[in-house]
Amino acid sequence: MTLEWEQVIVHSVDPVALGQWWAEALGWVVVYSSDDEFEIRPEPDRLPGLEFVRLDESKKAKSRLHLDFRPDDQDAEVARLVAHGAQRVDIGQGEQSWVVLADPEGNEFCVLGQRRQ
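Here the working numbering is used: the first residue of the sequence shown is 12, the next is one more, and so on.
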């Protein structure tokens, strides 16, 4: 048996707006768009992708699944994402080497520090 990881589904009140925000934040391409779904990928034929699917209720609690990103320059990337509309959030992480941010609909994600050698 073989499984191929196709995508991560993100429920969203406005999938087009949130999907476009993530496409711009990641520099990914849009591969599908409708009023209820918006799919992006690193490249048109490269998996996995992110698919934003309409759910007509807002986020109510801390996400049980989140994405981690490891940039070359954490400070610069955090500043860029905040300028793009992300917000710093405190989910009880305390002092850590990573920074927790949230997208415009409140979905948390982490910007990691340098990898340990």
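All C-beta atoms, glycine included, are put in the ideal place defined by N, C-alpha and C.
Strictly by DSSP, which residues pair up with residue i?
i	result
ARG52	VAL40
ILE20	GLU62
I'd like the span of the beta strand (DSSP E) that includes residue i, first residue to last.
i	result
GLU62	60-65
If we count the other Cβ atoms within 10 Å of its Cβ and call it buried at 16 or more, is residue i buried or exposed?
i	result
GLU17	exposed
VAL19	exposed
ALA97	buried
VAL93	exposed
LEU29	buried
PRO55	exposed
ALA90	exposed
By how many angstroms is the C-alpha of residue j removed from the C-alpha of residue i?
i	j	result
GLY117	GLN125	25 Å
LEU61	VAL111	19 Å
LEU58	ARG52	7 Å
LYS71	GLY105	22 Å
VAL24	ASP114	13 Å
LEU66	VAL40	23 Å
ASP83	TRP109	13 Å
GLY38	ASP79	16 Å
ILE102	THR13	36 Å
ALA36	HIS95	7 Å
Looking at residue i and the ligand NAD, is the gap between the Cβ and the nearest heavy atom below 7 Å?
i	result
ARG81	Among the ligands in the structure shown, none appear at all, so the ligand NAD cannot be discussed.
Beta strand (DSSP E) runs contained entirely in the region 77-127, provided each spans 3 or more residues: For the region 77-127, whole beta strand (DSSP E) runs of length 3 or above, ordered along the chain, are 78-80, 110-113, 119-122.
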